[in-house]
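Okay, structure first, notes after.
Residue numbers (the numbering used here): 6 to 224.
Below you can see the structure in the form of C-alpha cells.
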C-alpha cells in the first residue's frame, strides 16, 4: 500500500511538472521566498587629477615656460589640465550645484627656489604691493578657454567654466575653475583641460628652479 501511494504521488508530481504547475512537498507553511534588500547611498563630491587611462596621478605638476634672467619684467605661461593630467570632477550625489576652485596651500605662499622667492598674488602685479610679503609677482588663471567634457555620456548643460581672474592676497585667494548650476546632471563626472596660466615675474628675479604648491577643491 505504501509503495502504491509513493508511485501515485510520483505520478502526480510528474504530471504537475509537465503542466508547469508549482509543486510543494512537505510543510506548505514554510517561507521559501526570502526577500533580498540592499541600499546604495549617495557618494561624496570630489576633484582629482587623472591620466589618459582614468588612473589618479600620484604627483601631478604644471610646468611653466622657462625664462632667462632679465632686468625687465616678463611673463611665463603654463597649462593646467592636459590629456595625461585631466581635472576630473565627480558628483555622485543628487545635488546639482557645486564649485571647483584653485588656491595655494596658504595665501602667504610664494614661488621658491632655495632662498629666492617671488609672489603669485600681489595685487600690484610685477612689483610689491600692500600684502604681507615684500615680493612682486602675480598669477592669472583663465579656465574660460579650456575644454570641458562629460565622462561616459554625462551632459555638460549647466556646467560652466569660470572667467579669467588673478590672485590677490586677502581679496582673491581662490579662483573658480568650473561649477555646476541648477539643472546640471547629477551622479555624473566631467573632465576639464586647457586652463591657461600666466605668471608675472618681477624684473631682476634671480635664476633658479622655482616651485609653488596649489590645491584643487570642490564644494
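Just so it is clear, CB atoms sit at the ideal spot from N, CA and C, and this is done for glycine as well.
Query                                                                                                                                                             : Result
If distances are taken between C-alpha atoms only, which option among 192, 186, 179 and 191 comes closest to residue 111?                                         : 179
Report all residues from its chain with a CB closer than 7 Å to the CB of residue 215; omit the five preceding and five following residues, and keep chain order. : 116, 117 and 118
Let's test the definition: count the other Cβ atoms within 10 Å of the Cβ of residue 47 and tell me whether it reaches 16, buried, or not, exposed.               : exposed
Mind checking which residues open and close the beta strand (DSSP E) that includes residue 52?                                                                    : 51–55
Cα separation between residue 140 and residue 103?                                                                                                                : 34 Å
Keeping to the same chain, check which residues put their C-beta closer than 7 Å to that of residue 72; ignore five residues upstream and five downstream.        : 79, 81 and 206
Under the rule that 16 or more other beta-carbon atoms within 10 Å means buried, what is residue 45, buried or exposed?                                           : exposed
Given a cut-off of 8 Å, decide if residue 175 and residue 92 are closer than it, judged by their beta-carbon atoms.                                               : no
Cα separation between residue 194 and residue 143?                                                                                                                : 32 Å
What three-state label does DSSP hand residue 168 in the structure shown?                                                                                         : coil
Using only the alpha-carbon positions, how far apart do residue 133 and residue 127 sit?                                                                          : 6 Å
Tell me the rounded alpha-carbon separation between residue 67 and residue 89.                                                                                    : 11 Å
Helix, strand or coil: how does DSSP classify residue 153 here?                                                                                                   : strand
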